Amino acid sequence: FIPEDPYGTITSPGNATVLVTAAAYNQNNNNILNYSGMAFNTNYAGVIDVAAGGVNALTVAPNNKTAIVNGTSVAAAIVSGACSMLFEWGDVQGNNPNMYAQTIKAYLARGVTQRPGDVYPNPQWGYGILNIFVMFQNIT
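For the sequence shown, position 99 (counting from the first letter as 1) is numbered 126 according to our numbering, and the numbering increases by one without interruption.
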């Protein structure tokens, strides 16, 4: 077993350099969720790309119901949606027909809000909190 350490909790496949990795935070109090993975403290650039909200998301549920869900999967879905919007903008609309993973990661990193007092990138928040509006402002 490895020694207890909160850093380095992102494992395969999330630690691959060509993947987009999202952290989850509580958008009500601006704190990272305690079960959201963290990069190694000494080599974290690029492991977590951005953080997205992961608390109290309204979603569909079985039997024509809705449900409120929490977790890293909520943040992953939000970041996946942002990536889809980037592909739509780039490939379908012809603004950047040669988009690939590193391009997406760069656009995501440009579209963040950073908490005052934090140093970025960092092992919990990556480049900051995803802000889709800012992302498109900074690439167009």
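Quick reminder that beta carbons are idealized off the backbone N, C-alpha and C, glycines included. Values in this document were obtained by computation on a predicted structure and should not be read as measured data.
Take the Cβ of K92 as the centre, count every other Cβ of all protein chains shown within 10 Å, and call the residue buried at 16 or more, exposed below. exposed
For A102, which of P124, M162, N90, Y62 has the nearest alpha-carbon? Y62
Less than 7 Å between C-beta atoms, sequence neighbours within five positions excluded: which residues of the same chain meet that for F28? Since pLDDT at F28 reaches only 42, below the 50 mark, its modelled position is unreliable, and the value read off the structure follows with that caveat. No residues qualify anywhere along the chain.
T48 to N90, Cα distance in whole Å? 32 Å
Do you know offhand how far G153's Cα is from F114's? 21 Å
Collapsed DSSP secondary structure at F28 in the structure displayed: Confidence in F28 is poor, its pLDDT being 42 and thus under 50, which makes the residue's placement unreliable; the coordinate value appears in the next sentence. Coil, per DSSP.
Please state whether the Cβ-Cβ distance between V139 and L157 is less than 8 Å. yes
Do Q120 and V82 have their C-beta atoms closer together than 8 Å? no
What residues in its chain sit with their C-beta under 8 Å from that of I95, if we drop five residues either side in the sequence? N83, A84, L85, T86
Distance, K132 Cα to G155 Cα: 12 Å
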